[in-house]
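Numbering (the working numbering), first residue to last: 188 to 1858.
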């Protein structure tokens, strides 16, 4: 290795035409090797540089100092060529500005003698030296490549096909190289000259202002010079490879000097980029190798930016690497180029400091051989030094190496191998030295192996491989390059056939001339074709190929005992083979014999031969074998299948027996443990029994206990949720596979309950569930899977077990999808699985809905025409059906209805008492209670409450929406009365009645063909059907006009049936395919008033975590003790100039209650004030404010509560306490805290809010209450907008709260209201089974990942929301059922009244007698039953019972199973009115001063009359509330000073404001302290009533909860007060008297407050007017 600096030469050219035209002056002077440049602007500013060579070419050849092209080459080129012959890499590159003469120096003018440049002269001299060589042991080879770097891209100049850009790569050993760069071998200078000419023509040049032929790219001309020397002594060849790089760089330029624009400017930029990088590399290398490197001050090793440019990357070895490098700097002499010339001189001066470490590029093999020989010599010396020199000679003799001179005396010096081994063992290190010596000599032998020897060894290995492949049946082409099966043209051969078509004809065995043997590998003699398998003999058979009379003939001769088949027939003697024969050897080796010569002769003889209908493959050969052997494959498969089934049945029986035995063992262990428990705790059991005996229950309490016990046994919320959570992962996987396989099927959970409108199909009930139906008193609810088949427009229901079974098939289909071709996928699915697991068969007709028609009119008998709703299984009204029912005489002839009416004969139906009683026992589970149990059992399926927002509207179904307990039919008493009271329904008589299906209307057009069938509810097997009708969805109703007469033998069960049970009408239609919604959306019926369709409001956030309070485990809450309504005012006060804190302006333009935007100023001190308002009394007692925290700052209403907010701020509480406003007896609790918004360190709060944006923040107050175990939390989302500090907020822009006086009352309007509900629950019993069951944790598998989940676009399986929605559906079904029964009762009543007016006195007496026998409910005072006017009392009693039916509210004693009072049903808004005749007298005692205090400004006056007894909404208004006045007095007058020991768990929930406004307007309130009427603006948003001062008042002043209020209306009350159009609303704490402007307005307000009460009043008034008109 040698190190040398870069040779640097500078050369100055003559003036060019451009410089002559500008009268330029020469500023370059050269003296020896010193170059001086003069500054034309400063005369004495000269700079001198010393270089290796300075060439003066500014003048002509006549100048003695003139440096010609030849001189430049002699100084630089010849030296570099000499280095190349020595084996070094060489590089010469020219540098300078554009037009300075670089290309002339490197290339010159080849067509002009003596003007050729360095490159052509060096190439010519290279070949001259090669030609003058006289050493025969030397040989030379020359390869050249020519490339240009244009705009940082490499282009090949010698290969015209490589028009694209070449990639530059880097090899760990070779370094950077250009991929696919052509290297052309040349043998003479003429070849190089031609290549240089073609390459120069392809170079990119262009004209600029400084040079007409400016090189726009860097050109690199590479010469790979290889020298080979043959060593005659060792017969080895050594090589030296030199790489000569001759570089012509593009000139550096300035855009203003060259005038470059467009493409030229872009080229110049890339040129300057690469040259700048080259300069950086030279500078870095100069610093790295300069004189300052070895100073004591350590510097970080400089980074060489080779990769910043393609040019420097390729020249990396030439710049500071393994190369001898020379640089020629071309200079311009003109003064106008002073800056460029000075830069070039500095550039060259820095390059002088670069040192290159060049090494001779010797052949690595030769170097390695030399080093190995040195290692051998060292090892020999080591052995000789240990006296083991004779071992070397023995080793050489044993390994076949050249013998040493002492080989002849080997035996005399070494006694034997054993003695030699002993000597080696006793010589330390000698064994290792000998092994290394052997290894080294072996490597030398491999390296000295000649190329011809390597080729011979390779050829021998190839021949061995071909022979081995031939034995395996794999042939090769004649070129020897491709392995595969190639059918020969003459040689007979065997081709394999395989069960897999892709493996068939992959092996080919040649049958050679003579004998070809077939057998196993371990045979005694060598086999030509080697096979393996159980039925292959060592010598299986032979193929003999010989010439016959018709040509070459092949004979197959099996060996003794070998199984050999030809065309399915076993052969034992020699058989002549014909081309195409199927040959089976053993059991599994199937071949087809091919004879090319025979096949061609056969084709020539019969050119029109048809191709066989069936391909000759493996299956064909197997069938042929079975047919010839007489084997029935189907029979064998059947026998095998039967054996497998028997085995499976036997194993299953054994498993069942084992499980049964284990079950019995566990039961016995449990019994033993139970006995131990009973033995250890007998006293506790006796005490419990004694305590149970002490409890004395009333009949009503016993009924409630029975109801609670049955409800507890049928409690399904937890079990259903567990099923939903546990099976969610299967549902997700099924949907993911459906999307992956592009199946148009969607899966979603659904809840199905066994009701009248939605009976459960038998296939969805397990046998165990079917047995339990008889024992259940509540309807059974199951979890199923709704399968929406978008392809066929069908919907199916699967059980969870069926889903899992189908999911296994779906997985198999998914795994096969990638292997089975697309065109055969469907066929394979049908063959393999028996059908597609995603789809089910669907019927042509689909159930539209069911309707029920009651038959109690047959008791009298009077004809009735019913218009009943057709209700789907989900409670959606799909249409209406008109049906007529009437009794006829047995001998009555059917009238002639005409051609449009279809008449059927008389059907005879038998009613057996036993069958009907069995149905009665089962009917409990489908909603018709027979034991006095409330119909509420239907509604509370899951133990959850109901929501008023989900309830149906009052005018949805014929303006009738009725809740109710068990429908107390007014005809029910007849069952218990004498059956002979009805002459036409005597036991044993034949009773005939007629059912006429008239019309169907309002059925959607998606059902094309409509027909109806009807049957008795317990006789599904006997149905009567109409003819199908075309349905278009438009035009007149569909007229069925189907008449069916039914004759029944009257039995007790039949009479009971027509009094209590309906006929079921089922409407079917052909469903036309409708598109389903995507997976991520729920299918919502347009008839369903779902709350999700309402406009979205600000979401309710979870509380912000407290920072000061310790994390407490929330205790388990037990039954709810009481509930209260809170109204909370939130104010943000800002510091004014006078030092007062004034509430900030609130913008209420949103229009929704409890919403508003605070308009705040930036940079002011603020305080947050919270005021809690609620009714006085009860258990509500605020003790202290533990902490007030704010956080979750955001710019959207929704908050990501999963992210931990680091900017939560706990505020400093300034003041807390109760306040006492004047004229308001409600409780006001207020607290105030300081809020410094800058402490959040949030950009949202520290800047002015941009236009159109809002800032949202969540506030949570932790309040301590008396008798509560933990703090209660009030949370509110605050909306804010920040303005600059000096912004004036106009009132008209910010608020609209102009009150009655017309003045702006900012103090009252600048607040935001929140409505909350407080629930105080008792502590739960920690050891109860219910609490333990609720504490267990069930894994929610809906969050687990399944394959393909990302394709579901956010779809999730439904969970708890599905249970709540299903409760809504069940409630609606129950309400619809009650509506139909009530409509039937009212219709029958109206019919009977009209009949009585026509003079049927006997019928009236009969009906009155029957109705009088209705048993009284516990709510009716028995003393009122005895009146002077019997008929009037009975009618009043009946009216009261009907009103109770219409205005029934759900039983509130089971409030602990409700969700919350904020989601009360519409039925909860009504309270029973006119409960008995004493209600009128009770109303007479109400005075305005006691019942109607002011809610805004008034206070309670002193009154002796008590309002209705206050009670919490969790307690039912049962008989226990009707206690003796003395008892009430004592209970209310109990001293309150007694310390309370009860502890509650508080829970405060913000109430979602309903967007539906039932009614709004002005109404008058009676003021108690003035007895005057005050007008207030009221908005009814169920279940709350919001009260405002005026219409423009934006802040709620008071609220009324209709779910716990009682609305009362009485004409006697109005007469007593002498004020018309009044009604009262009694809450738990006060009574309020309201007055409307007129009668219509009053009824509208009543309808908004209590729709059922309003309907009752209207019905009563209409009947009164009708009676007056009849009179």
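Don't be surprised by glycine CBs; every beta carbon is placed ideally from N, CA and C.
query: From this set, 1786, 1758 and 1756, which residue's C-alpha is nearest residue 1767's C-alpha?
result: 1786
- prompt: If you run the structure through DSSP and keep just helix, strand and coil, what is residue 693?
  reply: coil
- request: Classify residue 361 as helix, strand or coil using the three-state DSSP reduction.
  value: coil
- prompt: Helix or strand or just coil, what does DSSP make of residue 1174?
  reply: coil
query: Whole-angstrom Cβ separation of residue 719 and residue 707, contact assumed at under 8 Å?
result: 7 Å
message: Once DSSP output is grouped into helix, strand and coil, what is the label at residue 644?
response: helix
message: Suppose you measure from the CA of residue 847 to the CA of residue 1311; what does that come to, to the nearest Å?
response: 55 Å
message: If you measure between the beta carbons of residue 679 and residue 758, is that distance less than 8 Å?
response: no
query: How should residue 1393 be labelled, buried or exposed, when 16 other C-beta atoms within 10 angstroms of its C-beta is the threshold for buried?
result: exposed
message: Taking a contact to mean a Cβ-Cβ separation below 8 Å, would you say residue 1381 touches residue 1443 in this structure?
response: yes
field: Residues bridged to residue 1330 [DSSP beta-bridge criterion]
entry: 1320
- request: Report yes or no: do three or more beta-carbon pairs, one from the segment 1773 to 1786 and one from the segment 1804 to 1812, lie closer than 8 Å?
  value: no
message: With a threshold of 8 Å on Cβ separation, who are the neighbours of residue 1415 within its own chain once the five nearest residues in sequence on each side are excluded?
response: 1358, 1359, 1360, 1405, 1406, 1407 and 1408
message: What does the Cβ neighbour count give for residue 1363, buried or exposed, with the cut at 16 atoms within 10 Å?
response: exposed
query: Taking the C-alpha atoms as reference points, what is the distance between residue 1119 and residue 894?
result: Residue confidence is low: residue 1119 scores 35 on pLDDT, short of 50, so the model does not pin down where it sits. Its coordinate-derived value is still stated next. Roughly 10 Å separates the two Cα atoms.
- prompt: DSSP state of residue 241, grouped into three classes?
  reply: strand
query: Looking only at its own chain, which residues have a Cβ that is under 7 Å from the Cβ of residue 710, when we skip the five neighbours before and after it?
result: 725 and 726
CA-to-CA distance, residue 631 to residue 561, given in whole angstroms: 11 Å
- prompt: Do the CB positions of residue 196 and residue 543 come within less than 8 Å of each other?
  reply: no
message: Considering only DSSP beta bridges, list what residue 1467 is partnered with.
response: 1345 and 1442
Inter-residue spacing [alpha-carbon to alpha-carbon] between residue 1436 and residue 472: 57 Å
- prompt: Alpha carbon to alpha carbon, what distance is there between residue 277 and residue 547?
  reply: 11 Å
- request: Please look up how many angstroms separate the CB atoms of residue 501 and residue 407, rounded, as I've assumed it's under 8 Å.
  value: 7 Å
- request: Find the nearest neighbour of residue 1447 within the set 519, 1453, 1455 and 1459, judged by alpha-carbon distance.
  value: 1459
message: Does residue 235 pass the burial test, meaning 16 or more other C-beta atoms within 10 Å, or should it be called exposed?
response: exposed
query: Quick check: the segment 1175 to 1191 against the segment 1226 to 1242, are there 3 or more CB pairs under 8 Å?
result: yes
message: Can you check which of these residues, 522, 1199, 1410 and 1370, is closest to residue 1402 by C-alpha distance?
response: 1370
task: Give me whichever residues DSSP pairs with residue 824 in a beta bridge.
output: In DSSP, residue 824 forms no bridge with anything.
message: I want to know whether the segment 1796 to 1803 touches the segment 1767 to 1780 - three or more CB-CB distances under 8 Å.
response: no
message: Beta-carbon within less than 6 Å of residue 217's beta-carbon, same chain only, minus the 5 sequence neighbours each way: which residues are those?
response: 241 and 243
- request: Whole angstroms is fine: what's the gap from residue 522's alpha carbon to residue 260's?
  value: 28 Å
- prompt: What are the residues that DSSP puts in a beta bridge with residue 1788?
  reply: 1771
message: Quick check: the Cα distance between residue 280 and residue 434, rounded to an integer number of angstroms?
response: 4 Å
query: Cβ of residue 556 within 8 Å of Cβ of residue 459?
result: no
- request: Look at the alpha carbon of residue 1564 and the alpha carbon of residue 1060, and state the distance between them as a whole number of angstroms.
  value: 12 Å
task: Less than 8 Å between the CB atoms is what I'm expecting for residue 753 and residue 770, so what's the real figure, rounded?
output: 6 Å
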